[in-house]
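Visitor:
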Amino acid sequence: MYYIAGLNIQIPPQAVEGLAVFTTLRFIQYSVSRARAIAAVAKAESGAIRTSPTTLIGRIVTPIHLATSSISSMTYVLCIAGNMFKQPAWMQCMSLSNDYFQQETKVALRIAACASTFVLLRFVGRTFTHLGNQWHVIGRREKPRVVQTGPFAVVRHPLYTQMLMQQALAAVMFWSYAPLVGLGIIAGAFTIKIPIEEDLILSDPAIATEYRAYMQKVPARVIPFLW
Numbered sequence: 005m006y007y008i009a010g011l012n013i014q015i016p017p018q019a020v021e022g023l024a025v026f027t028t029l030r031f032i033q034y035s036v037s038r039a040r041a042i043a044a045v046a047k048a049e050s051g052a053i054r055t056s057p058t059t060l061i062g063r064i065v066t067p068i069h070l071a072t073s074s075i076s077s078m079t080y081v082l083c084i085a086g087n088m089f090k091q092p093a094w095m096q097c098m099s100l101s102n103d104y105f106q107q108e109t110k111v112a113l114r115i116a117a118c119a120s121t122f123v124l125l126r127f128v129g130r131t132f133t134h135l136g137n138q139w140h141v142i143g144r145r146e147k148p149r150v151v152q153t154g155p156f157a158v159v160r161h162p163l164y165t166q167m168l169m170q171q172a173l174a175a176v177m178f179w180s181y182a183p184l185v186g187l188g189i190i191a192g193a194f195t196i197k198i199p200i201e202e203d204l205i206l207s208d209p210a211i212a213t214e215y216r217a218y219m220q221k222v223p224a225r226v227i228p229f230l231w
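The working numbering puts the first residue of the sequence shown at 5, with every later residue one more than the last.
1) DSSP three-state label for Thr58, please.
2) If we count Cβ pairs, one from each stretch, closer than 8 Å, do we get three or more for the stretch 142-150 versus the stretch 97-117?
3) Since Arg225 and Val159 are thought to touch, with beta carbons under 8 Å apart, how far apart are those beta carbons, to the nearest angstrom?
4) For Glu21, I'd like the list of residues in its chain whose CB is within less than 6 Å of its CB, leaving aside the five on either flank, ordered along the chain.
5) For Trp179, verify whether its CB is less than 8 Å away from any heavy atom of the ligand ADP.
6) Buried or exposed: where does Trp139 fall if 16 or more other Cβ atoms within 10 Å of its Cβ makes it buried?
7) Is the Cβ-Cβ distance between Ser74 and Phe178 less than 9 Å?
8) Can you give me the Cβ contacts of Val176 inside the same chain, cut-off strictly under 7 Å, excluding the 5 residues immediately before and after it?
9) Is it right to say Pro155 is buried, meaning 16 or more other beta carbons lie within 10 angstroms of its own, or is it exposed?
10) Could you pull out every residue in the same chain whose Cβ sits closer than 6 Å to the Cβ of Gly51, ignoring the five residues on either side in sequence?
11) Taking buried to mean at least 16 other C-beta atoms within 10 Å of its own C-beta, is Val123 buried or exposed?
12) CA-CA distance, Leu204 and Ile190?
13) Can you tell me the Cα-Cα spacing of Ala71 and Arg40, whole angstroms?
14) Alpha carbon to alpha carbon, what distance is there between Thr58 and Ile64?
15) State the Cα-Cα distance for the pair Gly129 and Ile15, rounded to the nearest angstrom.
16) Looking only at its chain, what residues have a beta carbon closer than 6 Å to the beta carbon of Tyr80, apart from the 5 residues adjacent to it on each side?
17) According to DSSP, simplified to helix, strand and coil, what is Arg145?
18) If you measure between the beta carbons of Gln171 and Leu163, is that distance less than 9 Å?
19) Pick from Asp103, Ser207, Gln166, Val36: whose alpha carbon is nearest that of Ser120?
20) According to the Cβ coordinates, are Ala193 and Ile32 closer than 9 Å?
21) Start and end of the alpha helix (DSSP H) containing Pro199?
22) Considering only the alpha carbon of each residue, which of Leu29, Ala24, Thr55 lies closest to Ala210?
Structure, rendered in structure tokens:
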């Protein structure tokens, strides 16, 4: 049994793993369902994507970061669910260090990461709402528009910000280094993808001037004051 210090609550280890599995599945289900729903609306209201990357790296960078973001999560879910909600020995080899935290603190941090993931879901939903009919994986639609409201008033690519945050939270939820490796790969993919994506936008005369002004107004791409 785990105990949360000061609360005298007994928590079975399987309950913590089960909570992490449930949180992960909910995040994946919500993100995929919202993306599918908004893709249909975007195509109906703003037309098909008319400009897409032509280079090999431009075409493969999106599948790379999407696959990377799901590999550690789905591996965790399948292995934990298939092992009676216990981490197998090989997975424990990738655990974060336990030298700096008592067991109760570790459990509290994992539960807090699960709760924070549900909060993050609200921000993901808000971002999709503001993006609306301009959603795309990479490219510009037939009726483009520069979105500058909500999270887009803080950073130019808030969905990418939220993807990085999810990987950081997953590392704590799973208590594993694996999502941090994924975070590094995804961040690297974004450093390649964002310039390609913004070049496509700036090559569209219908919104190029407005987007240049937006870049001046919101200089942060993913992380305010840093990136």
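Glycine is no exception: its CB is placed at the ideal position from the N, C-alpha and C atoms. Because the structure is a prediction, the values reported are computed rather than measured.
Guide: In terms of the structure at hand:
1) It is coil, neither helix nor strand.
2) Touching, no, given that fewer than three Cβ pairs across the two stretches are closer than 8 Å.
3) The C-beta distance from Arg225 to Val159 rounds to 6 Å, short enough to meet the 8 Å contact threshold.
4) Shown here for Glu21: same chain residues with a beta carbon closer than 6 Å to its own, the five before and five after excluded, namely Ile84, Phe89 in chain order.
5) As presented, the structure is devoid of all ligands, the ligand ADP included, so that no description of it is given.
6) That one is buried.
7) For Ser74 and Phe178, no; Cβs fall outside 9 Å.
8) The answer, listed in chain order, is Leu113, Arg114, Ala117.
9) Classification of Pro155: buried, given that the 10 Å Cβ count is 16 or more.
10) The answer, listed in chain order, is Arg145, Glu146, Lys147.
11) Label assigned to Val123: exposed.
12) Approximately 21 Å, taken between the alpha carbons.
13) When rounded, the distance between both Cα atoms is 17 Å.
14) So the two alpha carbons sit approximately 10 Å from each other.
15) Annotation: Gly129 to Ile15 spans about 31 Å, alpha carbon to alpha carbon.
16) The residues are Phe178.
17) Correct three-state label for Arg145: strand.
18) No, the pair does not count as a contact, with Cβ atoms beyond the cut-off.
19) When each option's Cα is compared against that of Ser120, the closest is Gln166.
20) Contact flag unset, no.
21) Here the alpha helix (DSSP H) through Pro199 covers 182-206.
22) When each option's Cα is compared against that of Ala210, the closest is Thr55.
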